[in-house]
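**Q** Take this structure, written in structure tokens, and hold onto it; I'll ask about it next.
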Amino acid sequence: MVRAAARVFAERGYDQTTIKDLAEAIELAAGGIYHYVGSKDQLLELICDQLMHPLLERARELTAVADEPPAEQLHALVALWVSHATQHRDHMLVFQQERHVIERGPRWRRIREDRKQFELLVEQVIERVHASGRLALADSRLALSALLGMVNHTVQWYRPRGRLSPAQIADGYAALLLVAQPDVAAGSAELSSAPV
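Per the numbering used here, the sequence shown starts with residue 90, numbered consecutively.
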């Protein structure tokens, strides 16, 4: 029901969608919607929660691996994020359309907190990449803003049958942020062939 509501809100806009529209899309009587969720607002809350909370939990699990190099951790985090965003494209579109509502009011506190915690987690990984010398940008805050913009905007143009897969998109984004790892084998071959 939440996924269907996300699709309808994404297509028509939250304000323009009526309970009747939702009932037709979900193939449920309007009374049935009220039975499962109290209001359209609650559906919006569930959509945003279904988007943010699982992403944060999976990102925490991924970054909890302490011995993984920071650049690889960032790459894996970007891959997770792009995959989640594209799998929840309608959720993302609704979140972006209704962000002005979500940014205020006590009922949205948990969703705002999940979003802030996720951004903080990404920022911490970027800081570790910066400290390792692998960040392509001199300013880690700029790198975070660039990454937020790239990934969040992906849902505006991404199409499942398009030219690039989510993994390829994530690889491209990571390549923009990371300094290429020097090829150790190639470097040692050059050294061995150098005249003495």
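Here a beta-carbon is modelled for each residue, glycine too, at the ideal position from N, C-alpha and C.
In this text the structure is predicted, and so the values were computed from the model without any measurement.
Can you check DSSP and say which residues form a bridge with L224?
**A** L267
**Q** Is it right to say Q162 is buried, meaning 16 or more other beta carbons lie within 10 angstroms of its own, or is it exposed?
**A** buried
**Q** Quick check on this structure: which residue in E212, I115, W246 and E134 has the alpha carbon closest to the alpha carbon of V183?
**A** E134
**Q** Helix or strand or just coil, what does DSSP make of E192?
**A** Looking at E192 - three-state DSSP - the assignment turns out to be coil, as it is neither helix nor strand.
**Q** Evaluate V167 with the Cβ neighbour count: other Cβ atoms within 10 Å of its Cβ, from every protein chain shown; 16 or more gives buried, anything less gives exposed.
**A** So V167 counts as buried.
**Q** With DSSP run on the structure shown, which of helix, strand or coil describes S254?
**A** coil
**Q** Please classify D156: does DSSP put it in a helix, a strand, or coil?
**A** coil
**Q** When the Cα of R178 is compared with those of Q139, Q206, G222 and R223, which residue comes out closest?
**A** Q139
**Q** Please identify the residue among R204, D228 and Q186 whose C-alpha is closest to the C-alpha of R149.
**A** R204
**Q** If contacts are defined as beta-carbon pairs under 8 Å, then T107 and V171 qualify, I think. What distance do you get, rounded to the angstrom?
**A** Not a contact, Cβ separation roughly 33 Å.
**Q** Looking only at its chain, what residues have a beta carbon closer than 7 Å to the beta carbon of W197, apart from the 5 residues adjacent to it on each side?
**A** I191
**Q** Mind reading off the beta-carbon distance from S229 to I215? Whole number of angstroms is fine, and I expect it under 8 Å.
**A** 5 Å
**Q** DSSP state of D104, grouped into three classes?
**A** coil
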